[in-house]
Amino acid sequence: MDRRTEIIEAARQSFTLFGYKATTMDQIAKLAKVGKGTIYTFFKNKDVLFEHIALQMVAEMKREVEAVIDHNLPFTKNAHHVLMKILEFREMHKLYAKLIEEEKSMNTPEVHTMMTKIEDALLSFLEERIEYAVSKGEMVANDTRLVAYLLLKAYLAVAVEWSDYHENELTEEQIIDLFQGTIFRGLTP
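So this is what it looks like as structure tokens:
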């Protein structure tokens, strides 16, 4: 690996283990086995390095999400697969989980800003898919951005947060049935 890649991997490891606030450039330098000055030859500051890593994570998430799209399926089926993959990525990716935890517990402004950028990227991705479905006549949506937000937040609430407050965890089939019978029904012509 080249030094820049080593620095990125060390920073990713530090942000994942300690969060944004507790990560220092000294820690990153130590993990990367480089002098702190070497980091600054590639990245202006910790914020720039953090944003680079977070945007790499978003690109990885988009690749994983795009892989589950089957262009032979209707929008509602693909939307379900896409949203479940986003939620799975959110739960399984350790850096993402750490950022969610830090935003909730410490309300770090830099993490809040980055989480807003991540959500914006996800909403843009979903909005593009919704606009495509509208153009094909599979869906009706006056405000595609708002529909993207509704779907993302509703899936999050049902698939993730439901089990935090209820004894029974919903099956994927229950989630599909719920959305097919409510939100998706209202979006299809």
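In terms of my numbering, the sequence shown opens at residue -16 and continues consecutively.
Idealized CB from N, CA, C, for every residue including glycine.
Since we're looking at a predicted model, the values are computed, not measured.
Under the 8 Å Cβ criterion, the stretch 94 to 107 does not count as touching the stretch 142 to 154, having fewer than three qualifying pairs. Counting other Cβ atoms within 10 Å of its Cβ, Ser118 stays below 16 and is therefore classed as exposed.
If you draw a 10 Å sphere on the C-beta of Val65, you find 16 or more other C-beta atoms in it, and that means buried.
Within the same chain, Lys19 come within 7 Å of Asp9 by CB-CB distance, once the 5 residues on both sides are set aside. Under a 10 Å Cβ-count criterion, Leu129 is classified as exposed, with fewer than 16 other Cβ atoms of the shown protein chains found around its own Cβ. Nearest to Pro57 by alpha-carbon distance, out of Thr99, Glu152, Gly120, Val31, is Gly120. Look at Glu102 here: in three-state DSSP terms it is helix.
The stretch 32 to 47 makes contact with the stretch 75 to 83: 3 or more CB pairs, one atom from each, lie closer than 8 Å.
Residue state for His95 is assigned as helix, using DSSP reduced to three classes. For the stretch 9 to 78, the continuous alpha helix (DSSP H) assignments of 4+ residues that do not extend past its boundaries occur at 19 to 25, 29 to 50, 58 to 75, in sequence order. The three-state secondary structure of Leu0, taken from DSSP, is helix.
Asp(-15) sits in coil when the DSSP states are folded into three classes, being neither helix nor strand.
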